[in-house]
Each structure stands twice: as structure tokens, then as C-alpha cells.
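Number of protein chains: 2
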Amino acid sequence: MAKASSEQPRSVSKREFLEAFAAIGGVSAAMTVLDGWGMGVASAAEAPPDLMGRSDGTKVLILGAGLSGMTAAYELGLRGYDCQILEARPFAGGRCQSARAGFTTTEVDGSTRTCDFDEGQYFNHGPWRLPSYHHAVFHYIRKFGVPMEIMVQENDLGYVQFDNADGPLAGRRVRKREIKADMRGYTAELLAKLADQGALNEELGSQDKDRLIDYLIREGFLNARDLTYKGTLHRGLSGFDPMGLMGPNTASEPLALTDILQSGLGNIFQGVTTIDHPATMYQAVGGMDQIARGFERAIGDVVTYNAEVQELRQDGNGVSVPYRDNATGEVRVAKADYCITTIPLGILSKLPTDLSDRCKEAMAAPGKMTVGKLSLQMNRRFWEEDDDIYGGSSTLGIPGHTVIYPSYGYFGKKGIMMSAYPIGRPAIAFGELSLAEQTEQAIEYSERIHPGQFRKHYDNKAFSISWHRTRYTEAGWSTWSPPDREKHLPVLREPQGRVYFAGDYISGLAGWQVGAIESAWAQIEKVHANAMAA
Amino acid sequence: MAKASSEQPRSVSKREFLEAFAAIGGVSAAMTVLDGWGMGVASAAEAPPDLMGRSDGTKVLILGAGLSGMTAAYELGLRGYDCQILEARPFAGGRCQSARAGFTTTEVDGSTRTCDFDEGQYFNHGPWRLPSYHHAVFHYIRKFGVPMEIMVQENDLGYVQFDNADGPLAGRRVRKREIKADMRGYTAELLAKLADQGALNEELGSQDKDRLIDYLIREGFLNARDLTYKGTLHRGLSGFDPMGLMGPNTASEPLALTDILQSGLGNIFQGVTTIDHPATMYQAVGGMDQIARGFERAIGDVVTYNAEVQELRQDGNGVSVPYRDNATGEVRVAKADYCITTIPLGILSKLPTDLSDRCKEAMAAPGKMTVGKLSLQMNRRFWEEDDDIYGGSSTLGIPGHTVIYPSYGYFGKKGIMMSAYPIGRPAIAFGELSLAEQTEQAIEYSERIHPGQFRKHYDNKAFSISWHRTRYTEAGWSTWSPPDREKHLPVLREPQGRVYFAGDYISGLAGWQVGAIESAWAQIEKVHANAMAA
Numbered sequence: 025m026a027k028a029s030s031e032q033p034r035s036v037s038k039r040e041f042l043e044a045f046a047a048i049g050g051v052s053a054a055m056t057v058l059d060g061w062g063m064g065v066a067s068a069a070e071a072p073p074d075l076m077g078r079s080d081g082t083k084v085l086i087l088g089a090g091l092s093g094m095t096a097a098y099e100l101g102l103r104g105y106d107c108q109i110l111e112a113r114p115f116a117g118g119r120c121q122s123a124r125a126g127f128t129t130t131e132v133d134g135s136t137r138t139c140d141f142d143e144g145q146y147f148n149h150g151p152w153r154l155p156s157y158h159h160a161v162f163h164y165i166r167k168f169g170v171p172m173e174i175m176v177q178e179n180d181l182g183y184v185q186f187d188n189a190d191g192p193l194a195g196r197r198v199r200k201r202e203i204k205a206d207m208r209g210y211t212a213e214l215l216a217k218l219a220d221q222g223a224l225n226e227e228l229g230s231q232d233k234d235r236l237i238d239y240l241i242r243e244g245f246l247n248a249r250d251l252t253y254k255g256t257l258h259r260g261l262s263g264f265d266p267m268g269l270m271g272p273n274t275a276s277e278p279l280a281l282t283d284i285l286q287s288g289l290g291n292i293f294q295g296v297t298t299i300d301h302p303a304t305m306y307q308a309v310g311g312m313d314q315i316a317r318g319f320e321r322a323i324g325d326v327v328t329y330n331a332e333v334q335e336l337r338q339d340g341n342g343v344s345v346p347y348r349d350n351a352t353g354e355v356r357v358a359k360a361d362y363c364i365t366t367i368p369l370g371i372l373s374k375l376p377t378d379l380s381d382r383c384k385e386a387m388a389a390p391g392k393m394t395v396g397k398l399s400l401q402m403n404r405r406f407w408e409e410d411d412d413i414y415g416g417s418s419t420l421g422i423p424g425h426t427v428i429y430p431s432y433g434y435f436g437k438k439g440i441m442m443s444a445y446p447i448g449r450p451a452i453a454f455g456e457l458s459l460a461e462q463t464e465q466a467i468e469y470s471e472r473i474h475p476g477q478f479r480k481h482y483d484n485k486a487f488s489i490s491w492h493r494t495r496y497t498e499a500g501w502s503t504w505s506p507p508d509r510e511k512h513l514p515v516l517r518e519p520q521g522r523v524y525f526a527g528d529y530i531s532g533l534a535g536w537q538v539g540a541i542e543s544a545w546a547q548i549e550k551v552h553a554n555a556m557a558a
Numbered sequence: 025m026a027k028a029s030s031e032q033p034r035s036v037s038k039r040e041f042l043e044a045f046a047a048i049g050g051v052s053a054a055m056t057v058l059d060g061w062g063m064g065v066a067s068a069a070e071a072p073p074d075l076m077g078r079s080d081g082t083k084v085l086i087l088g089a090g091l092s093g094m095t096a097a098y099e100l101g102l103r104g105y106d107c108q109i110l111e112a113r114p115f116a117g118g119r120c121q122s123a124r125a126g127f128t129t130t131e132v133d134g135s136t137r138t139c140d141f142d143e144g145q146y147f148n149h150g151p152w153r154l155p156s157y158h159h160a161v162f163h164y165i166r167k168f169g170v171p172m173e174i175m176v177q178e179n180d181l182g183y184v185q186f187d188n189a190d191g192p193l194a195g196r197r198v199r200k201r202e203i204k205a206d207m208r209g210y211t212a213e214l215l216a217k218l219a220d221q222g223a224l225n226e227e228l229g230s231q232d233k234d235r236l237i238d239y240l241i242r243e244g245f246l247n248a249r250d251l252t253y254k255g256t257l258h259r260g261l262s263g264f265d266p267m268g269l270m271g272p273n274t275a276s277e278p279l280a281l282t283d284i285l286q287s288g289l290g291n292i293f294q295g296v297t298t299i300d301h302p303a304t305m306y307q308a309v310g311g312m313d314q315i316a317r318g319f320e321r322a323i324g325d326v327v328t329y330n331a332e333v334q335e336l337r338q339d340g341n342g343v344s345v346p347y348r349d350n351a352t353g354e355v356r357v358a359k360a361d362y363c364i365t366t367i368p369l370g371i372l373s374k375l376p377t378d379l380s381d382r383c384k385e386a387m388a389a390p391g392k393m394t395v396g397k398l399s400l401q402m403n404r405r406f407w408e409e410d411d412d413i414y415g416g417s418s419t420l421g422i423p424g425h426t427v428i429y430p431s432y433g434y435f436g437k438k439g440i441m442m443s444a445y446p447i448g449r450p451a452i453a454f455g456e457l458s459l460a461e462q463t464e465q466a467i468e469y470s471e472r473i474h475p476g477q478f479r480k481h482y483d484n485k486a487f488s489i490s491w492h493r494t495r496y497t498e499a500g501w502s503t504w505s506p507p508d509r510e511k512h513l514p515v516l517r518e519p520q521g522r523v524y525f526a527g528d529y530i531s532g533l534a535g536w537q538v539g540a541i542e543s544a545w546a547q548i549e550k551v552h553a554n555a556m557a558a
């Protein structure tokens with residue numbers, strides 16, 4: 025390592041460097057300093073703020089035991105704060121829930137739905153997938169030792185089927201891999217031939233033109249001699265026989281370019297997967313709620329459950345929060361020096377508070393995302409046994425419908441299939457259906473992907489949620505228009521007297537666990553600064 | 025399901041159908057009948073042959089307790105055969121091995137190497153990844169209940185670095201995702217603009233031209249107005265801040281097309297992954313040798329270990345195989361009605377046998393693939409903690425060198441990095457190096473991908489194998505030229521008197537577990553036919 029020099033931190037790890045940097049500059053000031061050195065993207069906050077000093081005995085009342093509330097309790101607890109969390113539900117985690125046998129969800133009208141899946145089966149009806157750059161979540165996963173595994177986001181063996189497509193592919197299910205190979209093959213052929221004929225001579229020198237053609241031959245599986253795409257083994261086989269004398273594989277026939285173009289099936293993928301939905305993502309082993317369980321174990325006995333906040337009051341001396349004990353009906357009052365509220369804005373804005381009109385305007389501003397989710401238990405993993413699909417998804421052109429294969433329990437007997445994930449308008453109609461109606465609709469649609477299998481193997485167990493109809497949530501997440509975000513978020517991020525707002529809704533990533541955690545990190549820094557100054 | 029008709033087996037699962045079909049037609053005759061119905065590719069042999077009748081007490085001597093030998097013993101055992109396996113090693117599995125603390129491998133010169141990895145760490149130095157259409161392997165995985173998990177074959181977050189590239193990207197590590205997005209973006213731009221200018225008017229009608237341009241806009245993240253590629257968030261971020269007021273992501277800058285073309289970095293991927301190396305593959309939890317352990321449990325006490333075959337003799341009455349008990353040095357003779365040999369051809373062809381000259385010619389025909397593998401134990405998972413890489417690989421342009429990240433133990437403290445996988449010529453030189461020299465070379469190369477990390481975090485524990493130098497194996501796998509395959513494989517697949525050949529080398533998929541298993545399926549059908557006729 026003789027070449028190590030001051031311009032490249034070759035012997036300092038990114039983590040070490042950032043922790044040192046955060047200690048000097050604080051989280052709010054931390055920057056993505058390493059990217060310039062090609063050391064990868066750093067999250068603004070790689071680690072919780074390094075709060076200097078302790079504030080033993082300062083009382084902080086936290087409203088909501090979701091990930092943001094528990095993050096605040098955990099970090100402040102380490103610095104001597106006396107934290108209490110009021111949680112309306114009988115369990116912690118907020119939306120970080122998993123449905124398994126016995127799990128009950130309650131809607132705003134009081135109706136309940138209890139999951140009856142078989143032992144070992146679960147459904148992440150809340151957060152269900154993490155990309156690897158959401159470092160703040162992984163920080164606690166490591167700290168709390170939450171076992172993780174791969175969540176297969178993209179699987180080219182999944183199918184796509186468009187009932188309303190034009191042309192001969194209408195209604196036909198096709199493997200995603202076939203569409204990718206064929207579209208990339210044909211477009212590579214078209215460009216390679218044009219380049220070969222001189223059409224790019226103004227754009228590219230002759231050497232670069234040859235390099236481009238070489239690239240296209242490889243990318244598109246072209247015949248190097250005549251630059252045509254005639255299919256490839258790698259789009260899928262029509263036969264596989266390991267005992268075949270001249271090799272095991274029989275190639276399948278490519279689809280016609282015009283057929284694919286007419287069908288629109290090429291519009292299901294892009295040159296790379298989106299940044300927050302890479303091909304492989306991560307989930308907690310046994311259910312995403314294991315992340316919440318990790319926090320719960322770490323914070324200790326600071327949560328008051330079944331505690332439904334009635335009002336939020338403050339004066340110069342502290343905060344005062346009357347709450348109803350839902351187990352007894354009794355109303356009690358919790359008092360503290362500071363309050364961090366993580367209550368969804370749509371709910372908090374309806375409660376009596378001492379907050380300013382400006383703050384109330386901000387709280388009322390965001391929209392409430394309507395979101396539903398449905399999973400069905402299947403008594404045979406036909407997608408694995410018959411179709412070689414282990415995780416990933418198939419795609420219909422029907423808004424809100426999904427065929428998401430489970431990324432756990434591979435090779436087992438039964439499995440949980442996520443069959444609907446409506447967001448926005450489709451979620452409203454979905455939420456108005458009964459579970460039986462949702463299930464029937466999902467089966468009817470899904471039969472187009474797995475004919476004869478979906479109905480036959482449905483195990484008569486289903487679970488669904490409509491987050492916008494769920495008590496104590498009333499939305500999948502908050503949605504901000506860009507002007508509202510710019511206008512109102514700065515208000516909510518500043519202390520409102522002794523009240524601080526935390527929760528994914530004050531982050532730039534509503535609906536993601538990383539937004540919840542980093543919102544808490546940002547706010548406890550301010551609480552601590554004020555507590556130390558007091 | 026009113027539309028179900030005889031032309032589409034809508035209410036029969038593929039598995040059910042094929043099992044029925046195999047029962048009628050036999051494995052050898054089974055065909056990929058379902059593909060025509062769009063029901064997916066069927067392996068020629070979805071399940072072991074349905075051998076009619078029993079042959080209680082017929083003695084079969086099996087040489088070698090690898091997957092083919094154990095498959096034969098398991099299936100014949102179910103039909104009443106009295107099987108004995110002679111295995112030269114003190115353990116079963118053949119090349120289906122995993123190295124963990126205490127595992128010892130022996131070279132042909134008698135030198136040994138013992139793995140000293142930490143508890144919980146292992147290295148699949150034999151087979152290490154299964155694609156989902158290798159049904160024969162999955163058949164036993166299901167039958168024996170071997171726990172499986174995802175092996176991440178492709179991870180776009182891995183790096184590529186070419187020291188000897190031309191142009192400004194020489195020696196620079198770049199995320200694979202960046203290269204994919206940029207190359208697909210620029211080529212989409214070039215083709216979209218040419219199409220827009222009319223260059224494809226002969227090939228495509230005007231509506232298809234517009235559809236193609238729409239596809240390219242999406243595939244290449246083009247600006248829809250001017251059809252240019254100016255980069256995309258999805259190639260990677262230069263900054264990520266969940267508390268960013270106007271959104272969390274800062275886009276990175278695309279590389280220049282000519283820079284990528286000059287560097288050759290675009291030549292590391294194709295439109296789809298290859299058929300046998302899809303993005304997600306499968307591995308047994310805790311080590312691929314757990315598949316061998318499943319067979320071992322299932323076949324019961326039929327293996328004689330440390331039994332090194334000396335000769336292979338047969339006459340009209342049976343087979344007779346003298347073997348040396350390597351524990352005692354004693355030579356014993358095993359006798360049986362039939363023999364199935366799975367001994368590598370390069371070893372068997374050196375032993376005295378009664379086989380015909382024609383058969384001996386066939387046995388001597390294949391080449392022996394030289395193959396090495398090396399893994400290093402790292403005391404910190406810097407690729408996860410610093411680089412967001414969980415599984416997959418990074419790529420240097422150095423033959424035989426690899427940076428393969430472990431697909432297990434995520435978020436843990438230590439990890440096993442596969443650092444060399446030379447095949448062919450590079451494996452010869454690799455095999456002549458000491459473990460220390462192999463390790464030093466791997467570290468030196470790998471530092472180009474992970475500067476300052478590889479050497480710093482190497483935990484002074486390494487394990488390597490050279491399959492062509494390994495006792496009782498002497499090759500990674502057999503290689504056949506197409507003419508040799510056509511000439512000799514039919515000989516080896518036919519009974520040679522009472523001797524039958526099984527092993528991946530008689531399949532069309534040498535070096536894969538599925539070839540080993542299906543070779544046994546094919547041969548036990550012949551053994552059984554002859555035993556029943558006798």
C-alpha cells in the first residue's frame with residue numbers, strides 16, 4: 025500500500041471516516057464526502073447523532089411506538105433521558121407489522137380482522153423490502169442482531185400478461201426473460217446494422233463504432249457475421265435434457281419484434297432497476313416486524329400500551345398529555361419536559377392542541393395515501409414446483425393487482441402469495457370490498473398468470489389491510505406536493521415550543537422505515553441541544 | 025373455469041401430468057410436452073424413473089458415493105435391491121463438498137490441507153449454485169427436506185475494474201449498475217434518434233416506430249422531448265439524505281459513451297443473464313454438502329468408506345471388485361450381480377478391468393478440466409458495511425480471479441470471500457502455488473476493487489482446492505469435444521456386460537449436480553430392465 029496518500033483515505037474505512045466526521049460535524053451537517061473518492065454513496069446520516077453530554081432525568085414523552093418513536097427512546101435513553109412512550113395499540117412497531125396466525129388489525133369503524141394463516145406463514149402487510157443503501161435501518165438491524173435474508177424483488181422467470189394488449193400476444197403469458205432478451209436483441213440488431221451502414225459516422229469515430237458493434241453483439245446475442253438477432257438460449261429453453269447427447273438445451277423461438285411492440289410487454293422493465301427497488305432487497309427473517317421487536321427489546325419497559333392520546337398541551341414548564349387507557353377506559357395525564365410526537369398528522373391534526381395556527385396549517389397540509397394489501401395462503405407452491413419461480417413477481421396490466429411470490433419458505437408445502445397492492449385510487453375501491461370479495465377478485469385476475477392453479481390451490485385463508493381505513497394510522501403514508509413540502513416541512517422540523525415532530529412524514533422518504541429513523545435522529549439532536557441549554 | 029378444454033391441461037398440474045406421462049413412457053422417452061401449451065419448460069426427467077416391479081435381493085455394487093452413486097443406491101434400494109457403495113474417501117458426497125473448520129482435502133501426492141475457518145463460516149469449493157430448472161436436484165432437496173436459500177449470482181451494486189482498459193476509465197472501479205444504465209441509455213438514445221429521423225422507415229411502420237421510441241425512452245431513461253440520455257437516478261446516487269427537503273436523492277453523473285466504449289467495461293453483461301446463471305440461484309443453507317448429507321441419511325448404512333477400488337472384474341455370473349481398506353491396508357473383494365461405476369474416467373481408465381477395448385477407448389477420451397477455487401476469511405464485512413453489497417460479485421479483467429461475496433451470514437461480523445475460481449489454463453499455474461502464494465495474489469488483485477480493505481481485513485484463514493490435483497477426483501469435471509461426445513458417450517451409456525457407467529460425465533451437463541443425478545436415473549432404468557429379464 026505504498027501508494028496510499030492523503031488524497032485517498034485508503035486505510036480508513038468509510039464507516040470509520042463517517043463516524044469521525046459525524047462526531048465533528050453532526051448529523052445535520054454530514055455530507056456525502058466520500059463519493060468524490062469513488063468510495064460509494066454515503067447516507068447523510070450513517071449513524072445516529074453523536075450527542076455530547078448527558079441529560080440525566082430529563083423527561084421526554086414520546087407519542088407513538090413506531091420506529092421513529094422507538095429510535096428516539098432508544099437513543100435518548102442512552103444519554104440518561106427518562107423516556108415514556110404512549111402507544112395507542114396493544115403492540116409496538118407502528119406500521120412495521122407482520123400478519124401471522126392470531127394477528128388482529130382494527131379499522132376506524134371498530135371492525136377487526138384476524139389472521140389465520142398456518143404456523144410459519146406470515147405476510148408483511150406493512151414495510152416489506154429494504155434496499156441496501158437505507159443505512160439507518162441497517163444500523164439498528166446490526167445493533168439489535170435482527171436476522172435478515174434476501175427479498176427477491178426482480179425475477180426474470182416471472183410472467184407478464186396483458187389481456188388488453190394489441191396483436192397476437194394479447195392474453196398470452198410470457199416470461200419476463202423472453203421479453204427482455206428479445207427487445208434487447210432486436211434493438212441491438214437495429215442499431216448495430218445502422219452503425220455498420222455508417223449511420224453513426226458523425227457521432228462516433230471508426231474505432232468507437234466497431235467497439236459499439238462489439239458491445240451490441242454481446243448485449244443482444246447477435247450473430248457476429250450478419251448482426252441479426254435470432255433468439256438465444258438465454259431467453260428460455262423449450263427443452264432441457266441433461267442426458268441429451270449433444271447438450272442439454274433446446275432453444276426457444278424468439279417472439280416477433282412487431283408483436284412485442286404492439287403488445288406493450290416491453291414496457292415492464294428498464295435498463296437498470298430503479299434505485300429503491302433493486303433486484304435483490306432485504307427482509308427480516310420470519311417477518312419484517314422483527315425489526316420492531318429488536319427495538320422493543322432494546323428500549324426496555326418504557327412503553328405504555330393501549331394509551332390513546334386525547335390532547336397535547338404545553339406551557340413554559342413542560343408538556344401535559346391526557347390519554348385514555350383503552351383497557352380500562354380511564355383517562356390519565358402524562359407529563360414531561362419535552363414531547364416528541366410521531367402520531368400521524370391526519371390524526372394529530374384532529375386533536376385539541378396548543379400548537380400554533382401555522383403549525384396546524386402544516387399538520388393539515390399533506391394528503392393521506394390510500395394503500396391496501398392482500399395475501400392468500402396457497403396449499404401448494406405451484407409457482408415453484410411447476411414454473412421454477414422462487415420469489416419475484418408476475419405482472420398483469422391491472423392497477424392494484426400483483427402476483428408477488430414469497431421470498432421465504434422455498435421448497436415448502438404451503439406459501440403466502442401477495443395478490444393485491446393497490447395504491448392511490450384503486451385502493452379506495454379495494455378497501456370497500458369484503459375480504460371474500462377482495463380474494464375472489466385477486467383469484468380471478470391471478471388465474472391469467474397461473475391458469476387452473478390459483479383457484480385450485482387457494483387454501484381458504486386470506487388477510488388484507490387497508491391502511492387508510494386502519495385505526496391509529498388512517499393512511500399508508502403522508503403525501504406532500506412539492507410546494508407544500510417546501511412550505512410546511514421546515515415548520516414541522518422545528519421545535520414547536522416543547523413539542524417536536526418525528527416520523528417518516530417529516531422526512532423526504534415517507535412510507536420507508538429509513539425516513540422514520542432518520543427523522544428521529546434529526547429531532548433528538550434538537551431536543552438534546554435545547555435540554556442541554558436549559 | 026368453464027373454458028377448460030382438452031387442448032389445455034388447465035386443471036392438471038405440470039408435475040402431476042409429467043409424473044403420469046413418465047409412468048407411461050419412461051424417463052428416457054419423456055419429452056418436453058408442456059412447452060407447447062405455454063406451461064413452462066419441463067426437464068426430460070422431472071422425477072426418477074417409475075421402475076415397475078421389485079428385484080428383491082439382487083446385489084448391486086456401486087463405485088463412488090457421490091450424488092450419482094447415492095441416487096442409484098437410493099432409488100434401487102426402494103425397489104428391493106441390495107446395494108453396497110464403495111467409497112474411497114472417508115465421507116460421502118463426491119465433489120459435493122463444503123469446507124468448514126476441520127474439513128481436510130488430500131492431493132494426489134498425499135499432501136493435505138485442512139480448513140480452519142471460524143465456526144459458522146464455510147466455503148462451497150465444489151458445486152455452489154443451482155438454477156431453478158435443474159429439477160432433478162430439487163426433487164431430492166424436497167424429498168430429503170434440505171433447507172435452501174438464495175445464492176445471489178448477479179448484483180448490480182458490484183464493481184468492475186479493468187487495469188488494462190483504454191481511456192480514462194482504466195484502473196477505475198465502477199458499479200456495474202452505472203455501466204448498464206449508461207450503455208443502455210446511450211444506445212437507446214442513438215437508436216431512438218435514428219428512428220425519429222426515419223432511419224427505420226423500411227423496417228417498421230409508423231405506429232411501430234412510435235412504439236419503439238416509447239420503449240427506448242423507458243428502457244434508456246431518455247428525455248421524452250429530445251430523446252437524449254443524461255443519466256438517471258437509477259444508475260446510482262451521489263448523495264442520499266432522507267431528510268432532504270425536496271427529496272432524498274442526488275443523481276450521479278453519467279460516464280461518457282466513448283469512455284465506456286474505450287474501456288470495454290460494457291462487455292461484462294448481456295441483455296439477459298445466461299440460462300444457467302440467472303440473477304438469483306439457490307444454495308443449501310449451511311453449505312452445499314447438505315444435499316449430500318440428505319442423500320446419506322436417506323440411503324442408510326450402505327456405504328463402505330475408505331474403500332479404494334483396485335480392479336473391476338466381471339464374468340457371466342457377476343462382478344468382483346477388489347478394494348483396499350485404506351484404514352487397515354487390507355484388500356477385500358466385493359461381489360455383486362451388477363456394478364454401477366461412478367469413478368472418474370481418468371482414474372478408472374488406469375485400473376485393471378475386463379472392459380472391452382472399445383469401452384476403454386471411450387473412457388480415455390475425455391479431457392480433465394483443471395479447476396481451482398480459493399476463499400479467504402475476512403474479519404469485517406466491509407463490502408456490506410461500506411459498499412452496500414450483499415452477495416453477487418465484482419469483476420476484474422484477470423482470468424481466474426474473482427471477488428464473490430458470500431450469500432449467507434449477512435450483517436454478521438466475519439465473512440468468506442471467494443477470491444479465485446480459475447478454470448482451464450489459469451488453474452494449472454494456480455494449482456502450483458502454495459496456499460500462501462495463492463492468498464497473496466488474490467489479495468493483491470482484489471485490492472483494486474476494495475482498496476485498503478482486502479489486506480487490512482484478511483483474517484489469516486484461507487482454504488483452496490485444485491480439483492485436478494485432488495485425490496480420487498483428478499479433474500474438476502470431464503470435458504468432451506463434440507465429436508468425442510457423439511462417438512463415445514453412447515458406448516458409456518450402454519451396459520458393458522454387468523457394468524454400468526453413471527456420473528455427470530455421461531450426461532450432457534458435466535460438472536453440474538443435475539447431470540450426476542439424471543445419469544443415475546438413466547442407468548438404473550437399464551439395470552432394472554436387465555435384472556427383471558434375468
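From first to last, the protein sequence lines stand for chains D and L.
Counting along the first sequence from 1, when you hit position 79 you're at 103 in the numbering used here, and nothing is skipped either side.
Counting along the second sequence from 1, when you hit position 527 you're at 551 in the numbering used here, and nothing is skipped either side.
Cβ coordinates follow ideal geometry from the N, Cα and C atoms, glycine included.
This one's a predicted model, so the numbers in the text were calculated from it and none came from an experiment.
Specify the secondary structure class of residue i as computed by DSSP and reduced to three states.
i      : result
E178/L : coil
Y164/L : helix
M393/D : coil
E173/L : strand
Tell me whether residue i is buried or exposed, calling it buried when 16 or more other Cβ atoms sit within 10 Å of its Cβ.
i      : result
M270/D : exposed
Q231/L : exposed
A453/D : exposed
P73/L  : buried
V176/L : buried
G415/L : buried
Checking contacts by CB at 8 Å: is residue i closer than that to chain D?
i      : result
P73/L  : no
S470/L : no
Y157/L : yes
G49/L  : At G49/L the pLDDT is 42, less than 50, meaning the model places this residue with poor confidence; the figure from the coordinates comes in the next sentence. Taking Cβ atoms only, chain D never reaches closer than 8 Å to G49/L, which makes this a no.
With a threshold of 8 Å between beta-carbons, can residue i be considered close to chain L, or not?
i      : result
G539/D : yes
N403/D : no
N291/D : yes
G532/D : yes
N330/D : no
So, using beta-carbon positions, are residue i and residue j closer together than 8 Å?
i      : j      : result
G77/L  : M402/L : no
I109/L : V326/L : yes
P446/L : G370/L : no
G345/L : L75/L  : As written in the sequence, residue 345/L is Val, which differs from the Gly given in the question. No, these two residues do not count as a Cβ contact at 8 Å.
D361/L : K167/L : no
Assuming residue i contacts residue j under a Cβ cut-off of 8 Å, what Cβ separation, rounded to an integer in Å, is found between them?
i      : j      : result
M387/D : T503/D : Their Cβ separation, rounded to whole angstroms, is 14 Å, which puts M387/D and T503/D out of contact at 8 Å.
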